[in-house]
Amino acid sequence: MQNRELVIIGGGPAGLSAAVEARRLGIEDVLVIDRESEPGGILKQCIHTGFGLHIFKEELTGPEYAERFIRKAEALGVEIMLDTMVIELTSDRRIVAVNGREGLVEIQAKAIILAMGCRERTRGAIKIPGFRPAGIFTAGTAQRFVNIEGYMPGCEIVILGSGDIGLIMARRLTLEGAKVRCVVEIMPYSNGLTRNIVQCLEDYSIPLLLKHTVVNIHGKKRVEGVTIAEVDDEMKPIMETAQFIPCDTLLLSVGLIPENELSRMAGIEIDDVTGGPVVNQRLETSVPGIFACGNVLHVHDLVDFVTQEAMEAARGVASYLADGGKKYDHIPVTAGEGLRYVLPQRINVEAMTGEKQNFFMRCARPMARARLYVESERGVIESRLLSHVKPSEMISIKLGRDELKGVKMLKFILQEEGDKIECND
Amino acid sequence: MVDVVIIGGGVVGCMIARELSRYQLKTVLLEKEDDVASGTSKANSAIVHAGYDPKPGTLKAKLNVRGNPLFDKICSELDVPFKRIGSLVVSLTEEEDRVLEELLERGKKNGVPGLKIINREELLKMEPNVNKKARAALYAPTAGIICPYELTIALAENACQNGVEIKLNSKVVGIKVVNNGELAVMTPTETIHTRYVINAAGLYADEISKMAGAEEYRITPRKGEYLLFDKRFGNIVNRIIFPTPSKISKGILVCPTVDGNFFIGPNSNDVTEKDDVAVTPEGIEEIIKGAQKLVPELPLNHVITSFAGLRAVSDTDDFIIGASKKVRGFINVGGIQSPGLSAAPAIAEMVLEILKEEGLSLKEKRDYNPERPRVYKFRQMNNEERRELIRKNPAYGRVICRCETVTEGEIIDAIRRPVGARSLDAVKRRTRAGMGRCQGGFCSPRVIEILSRELGISPLEITKCGCGSEILKGRTKEFIETGGVVDAK
């Protein structure tokens, strides 16, 4: 049994950022465990640009962004254990991990940061009818085949879902010589960043069919085509609009799910809406000494925000190690009308790690102009005007310690302002 | 010249192959797909039924009740998990109460042990998630669950280990009587001369029988669709939960799997094509509605996959098992629909009796080994065993499939064992890599890499389930040069 001060599970952007920040804050012993042969997580296969605009004020590729943190981590003496998979996690912070070199590795940690990221929603999860031939990939798996392995998953492609990875892959596969027939999105708006719609679809004249879905997959051995149809306001397919689109490949970009199997094993409370742990102001889960950040906590739009959140988790760990795991009461933070969720789900104002507390949230539907209200038991304590909010883009707001002092609850509400405007972007 | 050719590598064909492997015989099994258990045996309800359902006096009744108790020994010899969890037929109306009585009577006539009707309170105590409107249930303690393809693969491996030759990708295209007492079985690549042919061709048994000039009958494919749920909800029910049966099927059930998931289904619809395993939106709706009658609160957001299987339904409404009166040495084992899996061990016994009657002499082998070498399953081991295994071979310390915790060592084993895996689905059926909640999203590139390395072929040649189902279309840069229309090879 090894005794370690801080163990971070996952060496992607969240884990690496947390490790670097933890060392900067003076935590001596930081171990990152990652299941792959190289650190960097999913960034390794994200060879497009667009990373780092907020953190570095530069436009980097995924591997470049990861590389900066890997170098810093190495320079700061962070230990990274690769090819190692954590298979057990307990609520008293014991870890069992496995690799081919050491066999089973047992670790007792003082603090743990969960940074396992997320996985892609599958065909089964969205119950697409039809056959089960070769040629159906999640967008991220296709991305790995193309960018890491150097293989093409298909020649003629239909993409279901307009999540960012799907949009990025539409462009990537086009550049590699494949024909992307269309991107089909069941919602009346895209689930990707506006910049990706423009740069990955519009620039290559790839049609985006909103309010459409795939209703059948054809082909017994290999995909031979899909039937798509428009959906009504209840998202039920209108079969009169059904049309067959020949293709040999269907990519799915239909959402990401935080990977919380280990968290559940440790008995950590999970939020049904985010799919990630319930956390407090310092991103500590319901199990003392176990923290969470990045896509395992909630799915992010930009990696820069993952880094910011991971730094917050590292500060949380530092404060936990400093106060010896002192118990705090929390006030509830809830999402009201217009919002899907707000994070953290509970806070203690006295124990905030900085002068300001960051709150992350996602809206329930696109709004051209909206006002965000923050209510306490005393009424509205803060309001902000926001423009062009979309469910695909996170909203964040900072509230100061003074504003929050003495409140017994917080509720965030997003109300559309002015006439409803059709949101076309 | 061989003694016996078995056509069909489903559970029935492989069970017969293993039975024959006890004796000093030359036996060949021909399977048209790239793996055994590729038809009905890979997609069904995975249940070893107690035997109260089939009509007394039928082969179905007799062989089901005889087959059920044989599973414990077979599964322990083959290192295949089998759980005798029991089943409950739930009644929701007064009329259905009467059906329970009928089933109880029928079960007694069939010789099913331990059947009893339990009241609502007992039922809800045993199964708290079952519909509160339930009135009573028929409890059958001998019913069990098993993984049908795991069993079939294990039977094939053990048969192979004992000298049966298993030829995959070998579709039978012709059967001829050469002379009295000799038959010729043709595949696209060879002709095999044999004294006996056993037709265990599942959905295609009617075509094979006709091809040989033997008795004519008809097999109709009857589709059943299923939804499989995440392991997190595997204990929503503890036993197999049936509705009262209809004329054509045992109804849509809620059932745990031996691997810890649970499924709902199947519905029951005749289709025209024998490879129509497409899932339909109406079908999904039908099984959800059906299952909700038994268990109203289903975690529908945690479905990991849907699939469909086909029952091989004969026009005689019973199994068709017997020596042909028209073609000497040709034995039909057709129409093996439910309870075919449960009856399979007894079917094999019966087929051996028929072969004896038809003049085949069965001399036992001295070196027959009924035990299949152990299959390492990392996820089921304790940490001591894991440590020991990794010490022997570090490949067991490299986790490839995260959802099901499958290691590289297990995948290599699956490829190198007898009747080894040659495709992604074959690896999946042997190891569960890709069967979890991410459905192969993370591990399929790694499994392709391992298959390609082990088999010494290009990743471009790796298939999902045999020729025509290649997964990748070309190398990236070649693709642009050829205008994006290169073929897999």
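Chains A and B, in that order, give the protein sequences. Residue numbers are given in my numbering: position 181 of the first sequence equals residue 690, and the series is strictly consecutive. Residue numbers are given in my numbering: position 468 of the second sequence equals residue 463, and the series is strictly consecutive. All residues carry an ideal CB built from backbone N, CA and C; glycine is no exception.
Based on the DSSP output, what are the partners of residue i in its beta bridges?
i: B:V107; result: Bridge partners of B:V107: none, in fact.
i: A:Q866; result: A:L908
i: A:H721; result: A:E739
i: B:H188; result: B:A179
i: A:E694; result: A:L719
i: B:K166; result: Bridge partners of B:K166: none, in fact.
i: B:R486; result: Coverage of chain B is limited to positions -4 through 484, which leaves residue 486 of chain B absent and any answer about it impossible.
i: B:S82; result: B:A135 and B:I235
i: A:I589; result: A:V541
i: B:D265; result: B:R217
i: A:I489; result: In the structure displayed, chain A extends from 510 to 934; residue 489 of chain A sits before or after that span and is not available.
i: A:V667; result: A:C691 and A:L759
i: A:K608; result: The amino acid at residue 608 of chain A is misidentified as Lys; the sequence shows Asn. According to DSSP, which records beta bridges pairwise, A:N608 is partnered with A:G612.
i: A:I657; result: Per DSSP, none; premise fails for A:I657.
i: B:A470; result: As written in the sequence, residue 470 of chain B is Arg, which differs from the Ala given in the question. B:R470 pairs with A:Y660.
i: A:C872; result: A:L848
i: B:G304; result: B:G219
Are the beta-carbon atoms belonging to residue i and residue j less than 9 Å from one another?
i: B:S309; j: B:Q287; result: no
i: B:E122; j: B:L95; result: no
i: B:I406; j: B:L58; result: no
i: A:G561; j: A:D781; result: no
i: A:D598; j: A:I518; result: One detail in the question is off: residue 598 of chain A reads as Leu in this sequence, not Asp. Yes, they are a contact pair.
i: B:V272; j: A:K729; result: yes
i: B:L146; j: B:L73; result: yes
i: A:G586; j: A:I551; result: no
i: A:K907; j: A:Q854; result: no
i: A:L710; j: A:V692; result: yes
i: B:K269; j: B:L293; result: no
i: A:R628; j: B:R432; result: yes
i: A:V826; j: A:R791; result: yes
i: B:R61; j: B:A318; result: no
Tell me whether residue i sits in a helix, a strand or coil according to DSSP, three-state version.
i: B:A485; result: Outside the displayed range of chain B (-4 to 484) lies residue 485 of chain B, so it cannot be described from this structure.
i: B:R13; result: helix
i: A:L760; result: strand
i: B:E537; result: Any question about residue 537 of chain B goes unanswered here, given that chain B covers just -4 to 484.
i: B:I141; result: strand
i: A:I930; result: Per-residue confidence for A:I930 stands at a pLDDT of 48, beneath the threshold of 50, marking its modelled position as unreliable; no derived number is given.
i: B:Y391; result: helix
i: A:L923; result: strand
i: A:M918; result: coil
i: B:P440; result: helix
i: A:R628; result: strand
i: B:A41; result: coil
i: A:E884; result: strand
i: B:E353; result: coil
i: B:R61; result: helix
i: B:V481; result: Confidence in B:V481 is poor, its pLDDT being 46 and thus under 50, which makes the residue's placement unreliable; the coordinate value appears in the next sentence. Three-state result, B:V481: coil.
i: B:A273; result: coil
i: A:I637; result: coil
i: A:H839; result: coil
Cβ of residue i less than 9 Å from any chain C Cβ?
i: A:V607; result: Among the chains of the structure shown, chain C does not appear; the protein chains present are A and B.
Just checking, does the region 155 to 165 of chain B make contact with the region 15 to 28 of chain B on the three C-beta pairs under 8 Å criterion?
yes
Members of the region 791 to 816 of chain A near chain B, C-beta cut-off 8 Å
none
Taking only beta carbons into account, state which residues of the region 427 to 453 of chain B come closer than 9 Å to chain A, listed in chain order.
R432, C433, Q434, G435, G436, F437, S439, P440, I443 and E444
Closer than 8 Å, Cβ to Cβ, to anything on chain B: give me those residues from the region 558 to 573 of chain A, in chain order.
none
For the 8 Å Cβ check, are there 3 or more pairs between the region 756 to 765 of chain A and the region 634 to 649 of chain A?
By the criterion of at least three beta-carbon pairs nearer than 8 Å, the region 756 to 765 of chain A is in contact with the region 634 to 649 of chain A.
With three or more beta-carbon pairs closer than 8 Å as the criterion, would you say the region 351 to 364 of chain B touches the region 209 to 227 of chain B?
no
Would you list, in chain order, the members of the region 634 to 666 of chain A that have their beta-carbon closer than 7 Å to a beta-carbon of chain B?
A634, K636, P638, G639, F640, R641, P642, A643, T647, G649, T650, R653, F654, V655, E658, G659, Y660, M661, P662, G663 and C664
Three or more C-beta pairs under 8 Å: does that hold for the region 859 to 866 of chain A against the region 877 to 895 of chain A?
no
Mind checking the region 255 to 287 of chain B against chain A and listing, in chain order, the residues whose C-beta falls within less than 9 Å of any C-beta there?
For the region 255 to 287 of chain B, the beta-carbon criterion of a distance under 9 Å to any beta-carbon of chain A is satisfied by D270, D271, V272, A273, V274, T275, P276, E277, G278 and I279.
Under 8 Å (Cβ pairs) to chain A, residues found in the region 132 to 152 of chain B:
none
Report yes or no: do the region 316 to 325 of chain B and the region 656 to 666 of chain A share at least 3 C-beta pairs separated by less than 8 Å?
no
Taking one C-beta from the region 377 to 386 of chain B and one from the region 408 to 418 of chain B each time, how about it: are there three or more such pairs within less than 8 Å?
Fewer than three beta-carbon pairs drawn from the region 377 to 386 of chain B and the region 408 to 418 of chain B are found closer than 8 Å, and the two stretches are therefore not classed as touching.
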